[in-house]
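Enquirer: Chains as they are written, first to last, in this note's numbering: chain A, 425 to 512; chain Z, 8 to 227; chain S, -4 to 196.
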Amino acid sequence: MNIIFMNVILIAMILALLIPIVEVCKDNNVWQKMLALSSISSKTTMMIFIVSVLRDDWMIGVVAVIILSVGNAGFMLMAHIMKRMRNA
Amino acid sequence: MKRVYIAIGIALFIKMLLIPNPAADGSDLSIVQSVVQDSGVPNAVSGILFRNRLYDTIFEVIVFTIAIMGARYLLANEKPSNQIYQFSDQSSIVLARLGATITALVSIELAIRGHLSPGGGFAAGVAGGTAIGLIAITSSSQLMEGVYKHWRAATWEKISVLIFLVLSAITLAGIELPYGELGSLFSGGVIPLLNILVAIKVALGSWAAILIFIRYRGLL
Amino acid sequence: MTDSYIYIISVLLPLAACMVLFQVNPYHALVIRGILGAIAAMIYAIWGAADVALTEALVGTMLAITLYAIAVRSSMVMRVGVLTEELQEIDENILKDDRVHNLFGQLITDLRKVFQNYYMRIELIFYQDIKELDQALIDREIHTTCVRSSSLEPDNLDETETQPYQTKTRVKRLYNIMKNELSSSKTMLTYFSETKPEEKH
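1) Using a 10 Å radius around the Cβ and a threshold of 16 neighbouring Cβ atoms, would you call Z:GLY126 buried or exposed?
2) So for S:MET14, helix, strand or coil by DSSP?
3) My guess is that A:MET437 and A:ILE474 are in contact by the Cβ rule of under 8 Å, so how many angstroms apart are they, rounded?
4) Tell me which residue opens and which closes the alpha helix (DSSP H) that A:THR469 is part of.
5) Quick check: is the beta carbon of S:LEU25 nearer than 8 Å to any beta carbon in chain A?
6) Please go through the same chain and pick out, in chain order, the residues whose beta-carbon is closer than 8 Å to the beta-carbon of S:ILE120, but skip the five residues on each side of it.
7) What did DSSP end up calling S:THR155 once you bin it into helix, strand or coil?
8) Could you name the residues of chain S that A:ASN426 contacts, counting a contact when the two beta carbons are closer than 7 Å?
9) Going by DSSP, which residues form a beta bridge with S:LEU78?
10) Please report whether the beta-carbon of A:ILE472 lies at a distance below 8 Å from any beta-carbon of chain Z.
11) With C-beta atoms as the reference, is Z:GLY47 less than 8 Å away from Z:SER175?
12) Closest by CA to A:LEU442, which one among S:ALA12, S:CYS141, S:ILE4?
13) Taking contact to mean at least 3 C-beta pairs separated by less than 8 Å, is the segment 467 to 486 of chain A in contact with the segment 33 to 48 of chain S?
14) Judging by CA-CA distance, which residue of Z:THR162, Z:LEU201, Z:SER213 is the nearest neighbour of Z:LEU184?
15) Output yes if chain S places a C-beta closer than 8 Å to the C-beta of Z:ALA134; else output no.
16) Within 10 angstroms of the Cβ of A:ALA497, are there 16 or more other Cβ atoms? Answer buried if so, exposed if not.
17) Could you check what DSSP says for Z:THR108 in three-state terms: helix, strand or coil?
18) Give a yes or no on whether the C-beta atoms belonging to A:LYS457 and S:VAL26 are separated by under 8 Å.
19) According to the neighbour-count rule (16 or more other Cβ atoms, all chains shown, within 10 Å of its Cβ), is Z:HIS157 buried or exposed?
20) Touch check for the segment 125 to 144 of chain Z and the segment 49 to 58 of chain S: three-plus C-beta pairs under 8 Å?
21) So for Z:VAL93, helix, strand or coil by DSSP?
22) Leaving out the 5 sequence neighbours to the left and right, which residues in its chain are closer than 7 Å to Z:GLY106 when beta-carbon positions are compared?
23) Skipping 5 residues on each side, what residues in its chain have a beta carbon closer than 8 Å to that of Z:ARG120?
24) Quick one: what does DSSP say Z:THR145 is sitting in, helix, strand or coil?
25) Rounding to the nearest angstrom, what Cα-Cα distance links S:TYR0 and S:GLU51 in this structure?
26) Would you please state the rounded distance, in angstroms, between the beta carbons of Z:VAL68 and Z:VAL205? I believe it to be under 8 Å.
27) Does chain A have any CB closer than 8 Å to the CB of S:MET73?
28) Given that a residue counts as buried once 16 or more other Cβ atoms are within 10 Å of its Cβ, and exposed if not, what is Z:GLU164?
29) Tell me, to the nearest whole angstrom, how far the beta carbon of Z:TYR223 is from that of Z:LEU82; I am working on the premise that it is less than 8 Å.
30) Just how far apart, CA to CA, sit A:ARG479 and Z:TYR12?
31) Roughly how many angstroms lie between the CA atoms of S:TYR160 and S:SER69, to the nearest whole one?
32) Helix, strand or coil for S:ILE117 per DSSP?
33) Quick check on DSSP: helix, strand or coil for S:TYR39?
34) Could you have a look at Z:LYS86 and say whether DSSP puts it in helix, strand or coil?
35) If we define contact as Cβ-Cβ less than 8 Å, is A:LYS507 a contact residue for chain S?
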């Protein structure tokens, strides 16, 4: 019962993950794509958390924590470069 | 001609779907267990990388070394970029420093315990390179250059490659250190040493790549 | 079937890869590369390879993005060398917004428009006099020079009436693009061939 419930949660999360992916395909503005990237990276991390709880495997959970805490560095760098592109 | 390529690609996919992988039969657990037994480390991936497939790993390290040397060689003729914009806002700097601290800790953990838990030399080196890269994009490039020169990072990179080559040659010749107790920190013979050497090599190599790119092409 | 979600998730990876593949704008491709990295890290983690997921996350978020970003930013640019007197003119025109005197601003806007189709940007670099400008072109510091014809040949006045600017580029491809697409009649285009064939690059 519990496992089926968790699976339903995961399927719902995959559907939620599809929203920003569709947004990336449709919208041509680079900032919209950046927003979608940030949304996707948070959502994938949350999914890794759920899976790690589901399987009781804390090695995967640690990976999710690291991605969540340092994964935004590249995002920050890209945002700075895009900002300078717009100004130049 | 394009259609032929696309048809070949589609045919390859269908082949993968239809014809089962011939190597998949036989239980996987016994393979993992036999690797763990042979190499004396609980992490079978490290065991395969640094023992069963050590010959491949040597050339992997050599390819990485040549890539870094090539970046340095190709950009040596260029004039250094005269003005380099760094990150100047406080929030970015704090975020990058925090990330650097975490990744540096992860790197050390993966390097010294890579033979016990998932991880290993390459992951540790990438984590170390990320830590150094995060510092490099927030502090002045002269400072980073000075630190790189002061600690003779280029020399250490070469020394670690040479020691790696010598150690792996000794291992390939059949001489092995005692395995020790399975699962303890000092176990697995030469594998922890190779892990640490690869970690140093990859971290210093990615530091060199980032420094070269920032010096000749600017950051932002 | 308890693990049906794994198959659904695995489809996302080729989907993201195709998105990177069919993206023509390099900056957008950079962003989608970040998305590909995030999805790949999730798939590796869910398949149980924690170390591969960690490596992919660190490479995909930091090292690869830094190197790609620096490469794209520094190569998708045309550096245009201009004289410092144009800088003053720009400043004055911001104040006056005069149609007749804003030729230089219009020219740069036209250039930007043309190169926007190629996802390139224009960077203006200012030099004190013509000599420095030409030396910079020879030294490969800049790709193109853009100067007023009157400052090159002050006596030839009727030519300067129709085409008040002279644009000189040392890159054949840039010259072709500008020749075909730059419709503005404000500038004369010249291709500057480098006269040092012995220098390999």
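Think of the CB as a built atom: it goes at the ideal place given N, C-alpha and C, for glycine as much as any other residue.
Just so you know, these numbers come straight off a predicted model, no measurement behind them.
Expert: A quick look at the data gives this:
1) Start at 1 with the first residue of the second sequence, and residue 126 of chain Z comes out as number 119. Burial call: buried.
2) Here residue 14 of chain S refers to the residue found at position 19 when the third sequence is read from its first residue. Helix at S:MET14.
3) Position 13 of the first sequence, counting from 1, holds the residue named residue 437 of chain A. Position 50 of the first sequence, counting from 1, holds the residue named residue 474 of chain A. About 7 Å separates the two Cβ atoms, so the contact holds.
4) On the first sequence, position 45 is the one that residue 469 of chain A refers to. Looking at the DSSP string, the run of the alpha helix (DSSP H) that includes A:THR469 is 454 to 479.
5) Against the third sequence, residue 25 of chain S aligns to sequence position 30. Closer than 8 Å to some Cβ of chain A, the Cβ of S:LEU25 qualifies, so yes.
6) Counting from 1 along the third sequence, the entry for residue 120 of chain S is found at position 125. Taking C-beta separations shorter than 8 Å and ignoring five residues to either side along the sequence, the partners of S:ILE120 in its chain run ARG74, VAL75, GLY76, VAL77, ALA131, GLU136, ILE137, following chain order.
7) Taking the third sequence and counting its residues from 1, the one referred to as residue 155 of chain S is at position 160. Residue confidence is low: S:THR155 scores 49 on pLDDT, short of 50, so the model does not pin down where it sits. Its coordinate-derived value is still stated next. The three-state secondary structure of S:THR155, taken from DSSP, is helix.
8) For the purposes of this step, residue 426 of chain A is taken as residue 2 along the first sequence, with counting starting at 1. Neighbours of A:ASN426 on chain S: none; closest Cβ ~11 Å, over 7 Å.
9) The residue labelled residue 78 of chain S in the question sits at position 83 within the third sequence. The bridge partners DSSP lists for S:LEU78 are S:TYR122.
10) If you number the first sequence from 1, residue 472 of chain A lands on position 48. For A:ILE472, the answer is no, since every Cβ of chain Z falls outside 8 Å of its Cβ.
11) Working through the second sequence from its first residue, we reach residue 47 of chain Z at position 40. Working through the second sequence from its first residue, we reach residue 175 of chain Z at position 168. No. Outside cutoff.
12) As a working note, residue 442 of chain A is residue 18 in the first sequence. Residue S:ILE4 is the option with its Cα nearest to A:LEU442.
13) yes
14) Here residue 184 of chain Z refers to the residue found at position 177 when the second sequence is read from its first residue. Checked all of Z:THR162, Z:LEU201, Z:SER213; the closest Cα to Z:LEU184 is Z:LEU201.
15) Within the second sequence, the letter at position 127 stands for residue 134 of chain Z. Closer than 8 Å to some Cβ of chain S, the Cβ of Z:ALA134 qualifies, so yes.
16) Mapped onto the first sequence, residue 497 of chain A falls at position 73. Classification for A:ALA497: buried.
17) As a first step, residue 108 of chain Z is located in the second sequence; it is residue number 101 there, counting from the start. If DSSP states are grouped into helix, strand and coil, Z:THR108 belongs with the helices.
18) Here residue 457 of chain A refers to the residue found at position 33 when the first sequence is read from its first residue. Here residue 26 of chain S refers to the residue found at position 31 when the third sequence is read from its first residue. Yes; because the gap between Cβ atoms is below 8 Å, this pair is in contact.
19) Here residue 157 of chain Z corresponds to residue number 150 of the second sequence, with the count starting at 1. By the neighbour-count rule (16 or more Cβ atoms within 10 Å), Z:HIS157 is not buried but exposed.
20) yes
21) Here the question's residue 93 of chain Z lines up with position 86 in the second sequence. The sequence shown places Gln at residue 93 of chain Z, not Val. Three-state result, Z:GLN93: coil.
22) Numbered from its first residue, the second sequence carries residue 106 of chain Z at position 99. Cβ neighbours of Z:GLY106 beyond the five flanking positions: LEU141.
23) Indexing the second sequence from 1 puts residue 120 of chain Z at position 113. Excluding sequence neighbours, Z:ARG120 sits near GLY126, LEU192.
24) Residue 145 of chain Z sits at position 138 when you count from the first residue of the second sequence. Coil, per DSSP.
25) Within the third sequence, numbered from 1, the residue matching residue 0 of chain S stands at position 5. Within the third sequence, numbered from 1, the residue matching residue 51 of chain S stands at position 56. Taking the straight line joining both Cα atoms gives about 21 Å.
26) Against the second sequence, residue 68 of chain Z aligns to sequence position 61. Against the second sequence, residue 205 of chain Z aligns to sequence position 198. Contact between Z:VAL68 and Z:VAL205 holds, since their C-beta atoms are separated by about 6 Å, short of 8 Å.
27) Mapped onto the third sequence, residue 73 of chain S falls at position 78. It does not: the Cβ of S:MET73 has no partner Cβ on chain A nearer than 8 Å.
28) Here residue 164 of chain Z is taken as the residue at index 157 of the second sequence, counted from 1. Counting Cβ neighbours within 10 Å, Z:GLU164 comes out buried, since at least 16 surround it.
29) As a working mapping, residue 223 of chain Z is identified with position 216 in the second sequence. As a working mapping, residue 82 of chain Z is identified with position 75 in the second sequence. The Cβ separation is near 5 Å, so the contact holds.
30) Within the first sequence, numbered from 1, the residue matching residue 479 of chain A stands at position 55. Within the second sequence, numbered from 1, the residue matching residue 12 of chain Z stands at position 5. If you take the alpha carbons of A:ARG479 and Z:TYR12, they lie about 42 Å apart.
31) Here residue 160 of chain S refers to the residue found at position 165 when the third sequence is read from its first residue. Here residue 69 of chain S refers to the residue found at position 74 when the third sequence is read from its first residue. Approximately 27 Å between the Cα atoms of the pair.
32) What you label residue 117 of chain S is simply residue 122 of the third sequence in a count that begins at 1. Strand at S:ILE117.
33) Along the third sequence, one-based indexing puts residue 39 of chain S at 44. Helix at S:TYR39.
34) Counted from its first residue, the second sequence places residue 86 of chain Z at position 79. Here Z:LYS86 sits in coil by DSSP.
35) Your numbering for residue 507 of chain A matches position 83 in the first sequence. No, its Cβ sits nowhere closer than 8 Å to a Cβ of chain S.
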